[in-house]
Amino acid sequence: MDAVEQLGHTKISVRIGAIYALGHLALHDDQLLDVVDRILSAHLRLVFHEINHDVRPAASPLSDDLGPDPAPSPQARETTSAPQAAFEEATACLRALSMVAEKSPFDGFRLDHVRWPSGTWGPDVRATKVNAPGADLRGVSLCGAELTHADLSNASWAHGALADAVLAGADLSHADLSSADLSNADLSGTDLTGAHLVRADLTGANLTAAYLAHADLTAADLTTVRCEGADLTGADLSHADLTEAELSGADLTGSVVDEATYARHRVELAQWELTDGELRRAQDATTGR
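Take 0 as the starting number for the sequence shown in numbering that gives the first Met the number 0 and just add one per residue.
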């Protein structure tokens with residue numbers, strides 16, 4: 000396949016074209032799904048390595064095709080910077096791999112224990128069904144990204160920026176998301192079992208039918224969060240802000256709550272009573288006791 004050779008081209012525009020060409024080839028020939036998955040996964044690991052270690056400065060697609068500007072303005076230098084262009088290549092790879100993964104009978108493409116390049120990725124990132132358990136995502140901003148059904152279990156993502164991201168059905172069990180921004184994120188059906196969400200911002204997030212058993216939500220902001228049908232058994236909600244949180248149908252059995260938080264959120268916790276620092280379903284939900 001010529002496209003495979005073009006992955007090593009010096010022009011990033013040619014490499015990105017080759018990435019999408021390989022993706023479309025796989026979509027039209029099931030026998031190529033596995034081989035294209037392996038080729039693009041290896042290429043993506045290479046791009047990640049190059050960004051992380053500044054190995055190959057890549058020009059932007061426009062500067063490749065038009066040639067170098069002998070005297071670029073500061074604005075032009077910023078827009079055509081090597082890191083930005085490399086992120087574009089990585090984004091193209093993730094999108095192509097997601098297309099292949101959605102058609103493939105396998106469990107998705109693998110990026111186990113990979114250090115993702117830190118920085119702000121564009122909102123067009125699509126990494127559905129990526130298998131990246133134990134991934135190092137510290138300093139990575141993926142606001143608005145689509146990561147449905149991704150395996151990011153045990154990932155390191157403290158202080159991560161994930162506002163408006165779509166993580167429905169993803170596996171984030173035991174991930175470190177402390178102080179992460181997950182405001183307005185779609186986490187419906189997401190597995191957050193045992194996740195570290197200390198001081199995380201979950202304002203307006205959709206946690207419908209999510210699994211948060213034994214998650215640490217100490218001092219987390221759960222303002223206006225939707226938790227209908229969520230499993231919060233044994234979760235730590237000490238000092239959490241539950242203002243206007245929708246908890247109908249959620250299971251909070253054994254959740255840890257301090258007296259002050261319970262007193263402050265009696266409306267939201269009307270169906271639960273606090274016994275020895277843990278929530279138990281009230282005998283008579285109509286009275287809130």
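All residues carry an ideal CB built from backbone N, CA and C; glycine is no exception. If you're wondering where the values come from, they're calculated on a predicted model, not measured in any experiment.
With a cutoff of 8 Å on beta-carbon distance, G159 and V129 are scored as not near each other.
Closest option to A179, judged by alpha-carbon separation, among A149, D170, L216: L216.
The alpha-carbon separation between G168 and P104 amounts to approximately 18 Å. Taking T242 as reference, the option from A218, G248, A229, D230 with the minimal CA-CA separation is A218. Closest by C-alpha distance to L146, out of D135, A131, N153, T192, is A131. With distances taken between CA atoms, L161 lies nearest to L181 out of L181, L31, D1, A174. By the neighbour-count definition (other C-beta atoms within 10 Å, threshold 16), P122 is an exposed residue. Excluding its 5 nearest sequence neighbours in each direction, A25 has C-beta neighbours in its own chain below 6 Å: L31, L32, V35, V99, listed in chain order.
CA-to-CA, the gap between A214 and G7 works out to about 44 Å.
Beta-carbon to beta-carbon, A134 and H112 are separated by about 7 Å, close enough to satisfy the 8 Å threshold.
Around the beta carbon of Q282, fewer than 16 other beta carbons lie within 10 angstroms, which makes this residue exposed. Residue pairing from DSSP places L273 in a beta bridge opposite L278.
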